[in-house]
Amino acid sequence: MAILKLHGGKQATCTRRVATVLHELQVPFELIEVDVANGAHKSPEYLKIQPFGQIPYIDDDGFLLYETRAICRYIAAKYPKYGLIPTEPKANALFEQAASVELTNFDPSASKAGLQLWIRKMGYPFPTDDKIIADNLETLEKKLDAYEAILSKQRYLAGETITLADIFHLPYGVFVTYAGSESDSVMNRASRPNVARWYKELISRPSWLAYLDGVTTTTAY
Amino acid sequence: MVLKLYGMPVSTCTRRVATVLVEYKVPFEFVSIDVAKGEHKSAAYLQNQPFGQVPYIDDDGFILFESRAICRYIVDKYPAPAGTTPLVPSDIKGKALFEQAASIEYSDFEPYAYPAVREKVFKAMRNLPTDQAVYDSSIETLDAKLAGYEAILGKQKYLAGNEITLADLFHLPYATLLAKAGSDLMTTKGPNVTRWYNELCERPSWNAVKDGAKSFSSY
């Protein structure tokens, strides 16, 4: 059986999300870099695989899949022993609730602010906008007040054990902190101690630390 | 105890849940939340839904919010009606392709359909000034994204394969408001999107709730 191939970018935001989950699940994979700088992701051949012209996608022994959260869910379902998606019906429903919270209440503002902050930090030659960053961080602050309420009653977003719903907050959960400092950022405020606790746990995970300098082919764990 | 759906009758997310409840013929009681008076931001409401949003369900004491999570829970709990395929596949690859389609809805459709509808429909309803530039750029991006849909739907009937799934139904509340917002993209982008969209609009479950969610005690 062929090694799983992750087609994406070494530093690309969504590629890093998938790599983090592959690492959590101890799945060997080969990173195949897509030449985004030269528009490889918009070629007719690429669009046959990913019709929206985005990275990443995976090739799992011939099975092609795109959309990072779908990829992560697929791998987690293949390796249920890690419990990253609970199977008991009510626990599963609470996982889906938490996964939807990430999508609807975190990602819209975190990805808009986070992408721009990441571009600035990496020094990429793309335009950024102070107002977009500020407005989205403001929205995020309010959303995180609700996270504080949730996380004051339980350890993670879906309950007492970590699930994909928590991990999906990477990497944008890290990028939005580039607007602050290590001791005070939107994810790490004295006024939201439970969010800070949860956030620090997430970024301490080996799966996140493994690719701080970018995603690399990982054949052994 | 019968399932209770708390929401606003014409709210997009409330009708998304109601559609799936009707698809699966689940009896439910609809409880209207007075959003105009800010009931969804009250301390009591925030105990059940900490983000102050509608809808949520109370299924015999089990509280769940986020419309897409509620829909998934319904499909997981109840059997598909006789003669129909489940709205979420259970085999690992079929499920993965469903998740891909569900993610497309949330990443490639909603971020553009929602702002367009907000500017031209929701804000108008509340006599608030609309931002034409936001509407224009949202529609421009949605137009480009629907090219991806056109390609997918040229090879298969629905977004996850040849059977309808939740991923298709999730589009209904915002897709059907685009015309009211001033965009006919759903029926002009291409023949495949048009075919798929028109089929979705004909679903009896959607038609039962499109003008407002309400209680269903029997089917």
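Respectively, the protein sequence lines represent chains B and C. Counting in my numbering, the first sequence runs from 1 upward without gaps. Counting in my numbering, the second sequence runs from 1001 upward without gaps. Glycine included, each C-beta is placed from N, C-alpha and C at the ideal position. Predicted model only: the values in this text are computed from it and were never measured.
Inset, instruction - Spatial neighbours of C:TYR1135 within its chain, please: CB distance less than 6 Å, with the 5 preceding and 5 following residues excluded, ordered by chain position. - result: ALA1116, GLU1119, LYS1120
Inset, instruction - For the beta strand (DSSP E) containing C:ILE1057, list its first residue and its last residue. - result: In the DSSP assignment, C:ILE1057 falls within the unbroken beta strand (DSSP E) covering 1056-1059.
Legend entry - chain C contacts made by the stretch 167-195 of chain B, where a contact means CB separation under 7 Å: none
Inset, instruction - Please go through the same chain and pick out, in chain order, the residues whose beta-carbon is closer than 6 Å to the beta-carbon of C:VAL1020, but skip the five residues on each side of it. - result: CYS1071, ILE1074
Legend entry - Counted within 10 angstroms of its Cβ, other Cβ atoms place C:GLU1199 as buried (16 or more) or exposed: exposed
Inset, instruction - Compare the beta carbon distance of C:LEU1185 and C:ASP1131 with 9 Å and say whether it is the shorter of the two. - result: no
Legend entry - Touch test, the stretch 99-107 of chain B against the stretch 74-81 of chain B, Cβ-Cβ under 8 Å, three pairs minimum: no
Inset, instruction - Classify C:LEU1003 as helix, strand or coil using the three-state DSSP reduction. - result: strand
Inset, instruction - Report the three-state DSSP secondary structure of C:HIS1040 (helix, strand or coil). - result: Residue state, collapsed to three classes: helix.
Legend entry - DSSP beta-bridge partners of B:ILE32: B:HIS7
Inset, instruction - Please go through the stretch 132-178 of chain B and give each complete alpha helix (DSSP H) segment of 4 or more residues, from N-terminal end onward. - result: Considered as a whole, the stretch 132-178 of chain B harbours 164-167, 172-175 as its complete alpha helix (DSSP H) runs of no fewer than 4 residues, in chain order.
Legend entry - chain B contact for C:PRO1050 (CB, 9 Å cutoff): Put simply, the CB of C:PRO1050 is near chain B, with a gap under 9 Å to one of its CB atoms.
Inset, instruction - Please determine, among B:VAL21, B:LEU65, B:ASP130, the residue with the shortest C-alpha to C-alpha distance to B:HIS7. - result: B:LEU65
Inset, instruction - Report the residue from C:PRO1086, C:TYR1078, C:THR1014 whose alpha carbon sits nearest the alpha carbon of C:LYS1027. - result: A small fix is needed here, since residue 1027 of chain C is Pro in this sequence, not Lys. Of the candidates C:PRO1086, C:TYR1078, C:THR1014, the one whose C-alpha sits nearest the C-alpha of C:PRO1027 is C:TYR1078.
Inset, instruction - Identify which residue in B:TRP208, B:SER43, B:THR177, B:LEU22 has its Cα closest to the Cα of B:TYR74. - result: B:LEU22
Inset, instruction - With distances taken Cα to Cα, identify the nearest neighbour of C:ALA1102 among C:LEU1087, C:TYR1112, C:ASP1091, C:SER1218. - result: Ranking the options by Cα distance to C:ALA1102, first place goes to C:LEU1087.
Legend entry - Between the CA atoms of C:ILE1139 and B:VAL215 - distance to the nearest angstrom: When rounded, the distance between both Cα atoms is 34 Å.
Legend entry - Length of the line joining the Cα atoms of C:TRP1206 and C:GLU1023: 8 Å
Inset, instruction - For C:TYR1024, name the three-state secondary structure that DSSP assigns. - result: coil
Inset, instruction - Could you tell me whether the stretch 184-197 of chain B touches the stretch 31-43 of chain B, where touching means 3 or more Cβ pairs closer than 8 Å? - result: At 8 Å Cβ cutoff, the stretches do not touch.
Inset, instruction - Report back the beta-carbon spacing between B:ARG69 and B:PHE175 to the nearest angstrom; my notes put them in contact at under 8 Å. - result: That pair is no contact at about 17 Å.
Legend entry - Closer than 9 Å to chain C by CB, B:VAL101: yes
Legend entry - Contact under 9 Å by Cβ, B:GLY156 with B:ARG192: In the sequence as presented, Gly is not what sits at residue 156 of chain B; that position holds Tyr. Cβ distance not < 9 Å, so B:TYR156 and B:ARG192 don't count as in contact.
Inset, instruction - Give a yes or no on whether the minimum CB-CB distance between B:ASN92 and chain C is below 9 Å. - result: yes
Inset, instruction - Note down, in chain order, all residues in the stretch 1039-1071 of chain C with a beta-carbon under 7 Å from any beta-carbon belonging to chain B. - result: PRO1050, PHE1051, PHE1062, LEU1064, PHE1065, GLU1066, ARG1068, ALA1069
Inset, instruction - Note down the Cα distance separating C:VAL1031 from C:LYS1004, rounded to an integer number of angstroms. - result: 7 Å
Inset, instruction - For the alpha helix (DSSP H) holding C:TYR1135, just list the boundary residues, first then last. - result: 1132-1153
Legend entry - Backbone CA spacing between B:THR219 and B:ILE71 [nearest angstrom]: 19 Å
Inset, instruction - Would you decide whether B:LEU209 is buried or exposed? Buried here means 16 or more other CB atoms lie within 10 Å of its CB. - result: exposed
Legend entry - Start-end ranges of the alpha helix (DSSP H) lying completely within the stretch 1093-1128 of chain C, minimum 4 residues: 1110-1117
Inset, instruction - Could you check the C-alpha separation between C:GLY1161 and B:SER181 for me, to the nearest Å? - result: For C:GLY1161 and B:SER181, the distance between alpha carbons rounds to 46 Å.
Legend entry - Cα-Cα separation, C:VAL1010 to C:ILE1057: 16 Å
Inset, instruction - Starting from B:ILE55, find everything on chain C with Cβ-Cβ shorter than 7 Å and list it in chain order. - result: Residues of chain C passing the Cβ test: none, with the nearest at roughly 13 Å.
Legend entry - CB contact below 9 Å: C:ASP1131 versus chain B: no
Inset, instruction - Measure the CB-CB distance between B:ALA113 and B:ASN92 and report whether it falls below 9 Å. - result: no
Legend entry - Positions along the stretch 1171-1193 of chain C whose CB lies within less than 9 Å of some CB in chain B: Residues passing the 9 Å Cβ filter: none.
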